[in-house]
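For the sequence shown, the residue numbers in our numbering are 113 to 206.
We treat Cβ as the ideally placed atom computed from N, Cα and C, and that holds for glycine.
Below you'll find the structure, written out as structure tokens, and then a few comments.
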Amino acid sequence: MTKERITVSVDADLAAAAAAAVAEGRAESVSAWIGAAMGEKAARDRRLSALAEAVNAYEAEHGVIGDDEIATQARADRDAAATTRAGRRKRGAA
Numbered sequence: 113m114t115k116e117r118i119t120v121s122v123d124a125d126l127a128a129a130a131a132a133a134v135a136e137g138r139a140e141s142v143s144a145w146i147g148a149a150m151g152e153k154a155a156r157d158r159r160l161s162a163l164a165e166a167v168n169a170y171e172a173e174h175g176v177i178g179d180d181e182i183a184t185q186a187r188a189d190r191d192a193a194a195t196t197r198a199g200r201r202k203r204g205a206a
């Protein structure tokens, strides 16, 4: 992959975190650490864009998703998560 040199300014605590990652062997260099973070941000932005497109397509076909529908789904998701956690606890205690 072709590399491009850029100059950026970052908060001092982020620069220290990058230097610590290098010192601890978790990153090859500060540039590699920052490049990985940029790659993760770019991937996250692509996923959010795809999700927005999917929601827009759904709403174009079925109408706007209402607050009540979102609240109902959030409750269902919490219930499903609680059931999953309870099942894991049971298997761990056996």
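- Ranked by how close their Cα comes to the Cα of Ile146, the residues Val167, Arg200, Arg117 and Ala183 have Arg117 in first place.
- The continuous alpha helix (DSSP H) containing Gly147 extends over residues Val142 to His174.
- Between Ala130 and Val142, the C-beta gap is smaller than 8 Å, which places the two residues in contact.
- Annotation for Ala127: the continuous alpha helix (DSSP H) segment containing it runs Ala124 to Ala135.
- Around the Cβ of Ala139, a 10 Å sphere holds 16 or more other Cβ atoms; the residue is buried.
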